[in-house]
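Okay, structure first, notes after.
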Ligand code: NAD
Ligand code: DAU
């Protein structure tokens with residue numbers, strides 16, 4: 559079994575590469591990644607010498623490069639993590655989101671059609687459903703919830719999802735889609751809420767909470783997401799969408815206070831700043847379908863997952879300190895300087 563994992567030098571993709579190489583010692587895992595600002599080859603250092611692993615630095619939008627890789631590797635499956643992923647960046651500059659998230663998906667699927675494939679899996683997001691109101695805790699996103707994306711990021715992901723389903727219906731491509739809630743865990747780029755707050759708190763810097771801090775996200779430990787994708791690519795039904803989430807809703811301000819408490823830092827570091835444009839209020843997944851069809855349930859409780867994530871950040875300071883001391887400083891100044 560040969561699987562091309564795109565975006566494998568990023569947060570979830572790298573966790574998936576580690577998970578698959580360990581769980582399936584006879585699989586070949588080929589990582590295709592452009593190494594954008596979010597991709598980090600040092601993350602993959604522990605598997606670079608593994609004979610079952612290959613890293614290829616290419617852009618999923620580059621048809622020739624993608625075709626070449628298919629000719630060399632004859633993959634059985636493609637799992638597409640590669641994307642621009644940060645909502646705030648998509649508000650500043652949507653263009654690259656349309657390129658990588660939509661066109662890149664089309665290029666990969668065209669190669670799958672041309673060379674044949676057992677499964678193309680699209681790693682999507684709960685953000686394609688838009689948001690839910692705070693005063694209706696009884697409402698959840700199901701796979702039947704209409705697509706109603708809010709940001710350039712989530713609308714590009716939604717566009718890709720529509721294309722994936724269209725390639726299934728029109729060309730019979732064997733596809734699946736997973737739509738997961740917010741992930742956290744090792745190797746998350748420190749532009750995202752949890753690693754940003756951990757990095758800032760450790761440096762005694764202000765903790766910038768957007769708006770009133772009452773927005774709700776449904777947090778899932780990254781390994782549980784990897785396990786869900788593993789189940790879907792092996793046992794999921796072709797042409798189907800599976801929502802992935804763990805009924806673990808938390809307000810942003812709760813998350814930031816938990817991080818302060820775990821690190822022994824004062825809540826006086828919390829600084830309310832201007833809100834994100836179009837800021838989604840609440841995400842909440844109904845995971846009944848993946849539970850009933852594939853037996854998936856989240857295994858890591860938030861209380862344990864956040865402790866593990868903080869411990870990882872303390873033990874791997876070099877990994878994230880290298881990032882936050884580089885180009886990231888310009889990003890931070892641009893995003894937070896006058897907020
Ligand atoms: P990330 O930003 O940490 O990593 C993205 C990776 O994709 C990077 O290694 C980057 O170099 C690579 N990449 C970007 N554009 C590329 C291109 N054109 N060609 C090849 N490689 C390219 O992202 P993440 O948080 O790990 O998210 C991975 C996937 O999971 C994304 O598709 C995202 O939409 C989806 N997702 C993320 C979350 C979350 O909470 N992080 C939740 C649900 C779904
Ligand atoms: O729901 C899945 C999505 O989760 C993925 O599809 C996206 O790729 C991923 O980035 C994430 O999107 P969010 O916008 O929910 O994540 P982010 O970490 O950027 O923000 C989480 C919440 O925290 C959100 O309500 C905005 C808020 N926030 C974020 C940052 C970076 C702050 O209050 N302050 C901050 O500095």
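Residue numbers (this note's numbering): 559 to 897. Beta carbons are placed, not taken as given, at the ideal position from N, Cα and C, and that holds for glycine.
Does DSSP put residue 746 in a helix, a strand or coil?
-> coil
Which whole-angstrom value describes the C-beta separation of residue 591 and residue 567, a residue pair presumed to lie in contact below a C-beta threshold of 8 Å?
-> 4 Å
Extent of the continuous beta strand (DSSP E) run through residue 667 = Unbroken run through residue 667 is the alpha helix (DSSP H), 662–673; no beta strand (DSSP E).
Between the beta-carbon of residue 733 and the beta-carbon of residue 663, is there less than 8 Å?
-> no
Output the distance between the C-alpha atoms of residue 788 and residue 606, rounded to the nearest integer angstrom.
-> 21 Å
C-beta atoms of residue 633 and residue 735 nearer than 8 Å | no
Heavy atom of the ligand DAU less than 7 Å from the Cβ of residue 708, yes or no?
-> no
Count the other CB atoms within 10 Å of the CB of residue 795; is the residue buried (16 or more) or exposed (fewer)?
-> exposed
What are the residues that DSSP puts in a beta bridge with residue 741?
-> 778
Taking all protein chains shown into account, decide if residue 772 is buried (16 or more other Cβ within 10 angstroms of its Cβ) or exposed.
-> exposed
When DSSP labels each residue in this structure, what does residue 860 get in the three-state scheme?
-> helix
Please name the residue in 600, 608 and 598 whose C-alpha comes closest to that of residue 580.
-> 608
For the ligand DAU, any of its heavy atoms closer than 7 Å to the Cβ of residue 683?
-> yes
Going by beta carbon distance, what residues of the same chain come within less than 7 Å of residue 731, once the five residues before and after it are set aside?
-> 667, 670, 671, 678 and 725
Using 7 Å as the cut-off, classify the Cβ of residue 736 as near or not near the heavy atoms of the ligand DAU, replying yes or no.
-> no
Which residue or residues does DSSP assign as beta-bridge partners of residue 606?
-> According to DSSP, residue 606 bridges with nothing at all.
Which residues in the same chain as residue 766 place their Cβ atom closer than 7 Å to its Cβ, once the five residues preceding and following it in sequence are excluded?
-> 829, 831, 894 and 897
Do residue 509 and the ligand DAU come close, with the Cβ less than 7 Å from some heavy atom?
-> What is shown of the chain runs 559 to 897, which leaves residue 509 out entirely.
When burial is assigned at 16 or more other CB atoms within 10 Å of the CB, is residue 699 buried or exposed?
-> buried
Stretch pair the region 745–765 + the region 815–830: three plus CB contacts closer than 8 Å | yes
Quick one: is the Cβ of residue 569 within less than 7 Å of any heavy atom of the ligand NAD?
-> yes
Beta-bridge pairing of residue 807 - partner residues as DSSP gives them = 776
Say yes only if the C-beta of residue 741 is nearer than 7 Å to one or more non-hydrogen atoms of the ligand NAD, and no if none qualify.
-> yes
For residue 714, I'd like the list of residues in its chain whose CB is within less than 6 Å of its CB, leaving aside the five on either flank, ordered along the chain.
-> 655, 656, 659 and 660
Sort 645, 694 and 635 by Cα distance to residue 673 and report the nearest one.
-> 635
May I ask you to report which of helix, strand or coil DSSP gives residue 587?
-> strand
By a C-beta neighbour count over all protein chains shown, 10 Å radius and 16 as the cutoff for buried, is residue 729 buried or exposed?
-> exposed
Residue nearest to residue 786 in terms of C-alpha spacing, selected from 857, 881 and 874 = 857
Do residue 639 and residue 570 have their C-beta atoms within less than 8 Å of each other?
-> yes
Among all the DSSP beta bridges, which residues are the ones paired with residue 798?
-> 734
Residue span of the beta strand (DSSP E) that contains residue 638, given as start and end = 635–638
So does residue 594 have its beta carbon nearer than 7 Å to some heavy atom of the ligand DAU?
-> no
State the Cα-Cα distance for the pair residue 898 and residue 743, rounded to the nearest angstrom.
-> Not covered by the structure: residue 898. The range shown for the chain is 559 to 897.
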